[in-house]
Structure formats: C-alpha cells, structure tokens
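Heads up: the structure comes next, in structure tokens.
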Amino acid sequence: MTVPESGRPTRPRLKPRTFLIAGLVLLFTIYSGRQVGFTITTFWEVWSNPLWEKFWPVPWEWVLDRHNVINPLIETFQIAIISTLIGCGLALPISFIISPLTTPNKPTYLVAKGIMNVVRAVPDLFWAKLLVTAVGIGAFAGSWALSIFSLAVMVKLFSETVDSADPRPLEAARAAGGRHTPAVRTGVLPTVFPSYVAYSLYVFELNIRASIVLGLVGAGGIGRVVEAQRQYFRFDRVLGI
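In terms of our numbering, the sequence shown opens at residue 430 and continues consecutively.
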C-alpha cells in the first residue's frame, strides 16, 4: 500500500533567516578569535614552545611522597566534605524560606531572597581571597569559602525544586489544622528530599574541583602545592600532581 502523495510529510525547509543567523554567528566567532589572538598559527606555536620540555620527566618519587602530594590531596577532600555538609545543611531550611510555596511570610521571603541573590553573585574566588586575608592562608579559609559557595548553589537548585513540588499534600496538611512548619515537613519535604540528596552529591563534586582552584589563592589543599611548584618553575612536578 502506497501513501498518497498529498499525505506524505514534507521535508522542513530552512528559512533564509536561519542561514543569516548562522553566518552572523560564524563571523562573530572569527572576529572574536582574532581579537583575543586565537588563531591556528598561534595554537601551533604554543604547542611547539620549548617550555613544554620542562614538563618531562615526571619526578614520581617526589609526587608519591606522602608529605608532598598525598596529604594535601587528602586535605582537598576534607575541605570538600566539610564545606558540603555546612553549605547543604544551611541550604535546607533557607530553600523553604525563599520558595513561594513554603515561605512563612512575604517579608521574610523578600529579605532572604535578596541576601541569597547577593551571595550567589559573588564568585567563590572572591570569598577565598577575602577569607585568606581575614584569617590567613590555609584550609580554614578554603572551607568557609566553599561553604558559602555550596550554600548559594544549593539554595538556587533546591528552592526551584520546592517551587515545582505538588502543593496538594501541603494544602491538605494545612486544611487538617497543621501549623506551618509541621505542614511543610510532612507535605513537601518527603517529595523533594530525593532531589536534595542528588543535589548535595552534585555540590560535593563541584567542591572537589573548586577546592583545587581555591588552593591557587592560598586556601589550602592540593591547589596550593600546584601554585607553589608553578612559581618555582617545576612544571614536571605540576604535571605529576
């Protein structure tokens, strides 16, 4: 059985506007690359730089020494764990406060929302620099910087999950005479808690990477070792780390 010609779906045709937009994006990309000096010639010149020879051979005896790399690496995981627990722990009640579905009142919602918007707008490197200046170089500054970062990220993700939760269990709990906090705990928390756990694991993964970067500004962890060896031009050790 053949499909009538009139019943066959027609292939969608690309509009001239699509080609125009694609061409403009391509031209802007090429222009941006030239402005920042990113060209194929520059790319190959970088890879042919004799400085790359300083990355070899890797001093494995130094890399595998416990005091040189292993202990700072363990410290990096400790920073990530502590900051995740603090940040995600504080984010749980704050997320319910800044969600229109579960906020106790409008003034509290507006104040908490405004504070979290400001906290989220500040980069984690700024917090690290600020805390390193205030309390000194070390893991303590890195832990608190990442705790603030974890709080900002977790509140953003989890509060949106609370916003999209089914309101009917909460309405039923309130209709039964439940107060605000018990109604939220029984009507909303069980449905969104799996997402909270998943987001916490995601934030922990972010903190492991971020703790390495924060170490470059003196906030502890393996990043501080990388920065120290880079300043000594020991690129072979940097590659080993």
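Where is the CB? At the ideal position from N, CA and C, for every residue including glycine.
Beta-carbon spacing of residue i, residue j below 8 Å
| i | j | result |
| --- | --- | --- |
| A648 | A541 | no |
| V654 | I670 | yes |
| S572 | S629 | no |
| L580 | L521 | no |
| T468 | G462 | yes |
| V487 | L668 | yes |
| D553 | A657 | no |
Nearest-angstrom Cα separation, counted from residue j out to residue i
| i | j | result |
| --- | --- | --- |
| L493 | I499 | 7 Å |
| H609 | R603 | 7 Å |
| A539 | D665 | Before going on, a small fix: residue 539 reads as Leu here, not Ala. C-alpha separation (whole angstroms): 52 Å. |
| L502 | I651 | 5 Å |
| A557 | T505 | 14 Å |
| T590 | F633 | 18 Å |
| A509 | V564 | 19 Å |
| G567 | W489 | 26 Å |
| P619 | T537 | 24 Å |
| T458 | R614 | 50 Å |
| T532 | D592 | 10 Å |
| F555 | F622 | 31 Å |
| R495 | Y631 | 29 Å |
| L559 | G543 | 21 Å |
| K444 | G452 | 13 Å |
| V584 | R442 | 44 Å |
| A605 | N534 | 20 Å |
| W491 | N497 | 7 Å |
| R446 | V465 | 29 Å |
| F448 | G607 | 59 Å |
| A601 | R549 | 34 Å |
Nearest neighbour of residue i, chosen from the options [CA to CA]
| i | options | result |
| --- | --- | --- |
| A594 | S524, K535 and I641 | S524 |
| V561 | V646, K585, V487 and H496 | V646 |
| L586 | V642, M545 and I510 | M545 |
| I577 | V547, P598, Q464 and V564 | V547 |
| C517 | V626, F555 and R463 | V626 |
| F662 | K444, G466, W485 and A601 | W485 |
| I641 | V584, P533 and Q507 | Q507 |
| I515 | F569, H496 and K535 | F569 |
| R659 | K483, V584 and A605 | K483 |
Contact belief for residue i with residue j at Cβ below 8 Å, rounded distance in angstroms
| i | j | result |
| --- | --- | --- |
| S588 | I527 | 5 Å |
| V617 | L643 | Going by Cβ atoms, the distance from V617 to L643 rounds to 34 Å, so no, they are not a contact pair. |
| P611 | L530 | No, P611 and L530 are not in contact; Cβ-Cβ is about 16 Å, not under 8 Å. |
| W635 | V582 | For the sequence presented, residue 635 should be read as Leu rather than Trp. That belief holds up - the Cβ atoms of L635 and V582 are roughly 7 Å apart, short of 8 Å. |
C-beta neighbour in chain D for residue i, strict 8 Å
| i | result |
| --- | --- |
| N497 | In the displayed structure, chain D is absent; only one protein chain is listed. |
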